[in-house]
Structure formats: C-alpha cells, structure tokens
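Visitor: Sequential numbering from 27 applies to the sequence shown in the working numbering. Sending over a structure as structure tokens; questions will come in a sec.
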Amino acid sequence: MEQNSYLGTDNPPMVAPTSDEKTMAILAHALTLVVWIFAPLIIYLVKKDESGFVREHAKESLNFQITLYIVLIGLFITIIGILLMWIVGLVALVLVIIASIKASEGKVYRYPFTLRLIK
C-alpha cells in the first residue's frame with residue numbers, strides 16, 4: 027500500500043528483496059550521513075545490474091543528495107538562507123532515517139520534494 031505524504035511514499039517491490047539487498051539499500055541511505063553523495067553513487071554503480079531493489083534505493087538516495095546540495099547552495103547565497111540551513115539539515119536527517127527504515131522493511135521509498143535527475 028502506498029503511503030503518500032510530505033514524508034515521502036513507499037511501495038512494495040515487485041520481487042521480495044533478500045537480506046543482503048535490504049542491507050545494501052539501508053547503506054545507500056544511512057551512509058550519506060557520513061560520506062554524503064559517494065555512498066549511494068558507489069552502491070548504484072556496483073549493484074545497478076545485480077538488484078533492482080538496491081538500484082532503486084541507491085538512485086533515489088543519490089537524487090535526494092543532489093537535490094539537497096542544490097538547495098543548500100541556494101540557501102548559502104543569501105544571508106537569511108544561511109540561518110535556515112540547519113532546518114534543511116534536520117529535515118534531511120529525518121528523511122534519511124525514514125528511508126533507511128523503509129529499506130529495512132523491504133519497501134521501495136521515494137523522497138518528497140526530490141528532483142529525479144538520475145532516471
């Protein structure tokens with residue numbers, strides 16, 4: 027069942043993911059807190075042909091990180107935006123946690139307000 031809200035949407039995958047696929051999907055989201063865009067990029071490049079579930083999570087995480095970077099640059103340009111950057115960081119943290127939980131549940135998660143630049 028799709029949950030549609032400001033916290034994103036989730037859908038069941040076409041094929042139930044294995045435990046290893048869930049772990050890689052969780053890492054595609056959670057590692058962005060440490061190594062930012064590189065974790066989902068590497069996972070996407072390595073696993074895109076092996077697992078559709080991992081590919082979708084890595085791609086979604088990568089798109090979210092790119093969108094986040096664009097927003098933060100836009101905020102950095104203005105003085106008021108610099109004061110609001112912490113709010114964006116807090117929202118990003120919450121969404122990454124939600125995405126990691128959805129990946130652990132075996133659901134395909136889509137971040138809200140994300141530019142889908144990588145198809």
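Don't be surprised by glycine CBs; every beta carbon is placed ideally from N, CA and C. This one's a predicted model, so the numbers in the text were calculated from it and none came from an experiment.
Just to confirm before moving on: does the CB-CB distance between K48 and S130 stay below 8 Å?
Guide: yes
Visitor: For the alpha helix (DSSP H) that contains Y70, what are its first and last residues?
Guide: 64 to 73
Visitor: Out of curiosity, what's the CA-to-CA distance linking S45 and V60?
Guide: Taking the straight line joining both Cα atoms gives about 23 Å.
Visitor: Output the residue ranges of the alpha helix (DSSP H) runs that lie fully inside the region 75 to 121 and measure 4 residues or longer, sorted by chain position.
Guide: 78 to 103
Visitor: What does the alpha-carbon distance come out to for the pair L71 and R142?
Guide: 17 Å
Visitor: Thinking just about the alpha-carbon of each residue, which of I52, Q91, I63 is nearest to the one in F79?
Guide: I52
Visitor: Return the chain-ordered list of same chain residues with a C-beta closer than 7 Å to the C-beta of P66, the five sequence neighbours on each side being excluded.
Guide: A54, T58, A84, S87, L88, Q91
Visitor: Assuming K133 and N37 make a contact with CB atoms under 8 Å, what is their CB distance in whole Å?
Guide: 7 Å
Visitor: Just checking my contact of T93 with T140 at CB under 8 Å: how many whole Å lie between their CB atoms?
Guide: Contact annotation, T93 with T140: C-beta distance approximately 5 Å; criterion of less than 8 Å satisfied.
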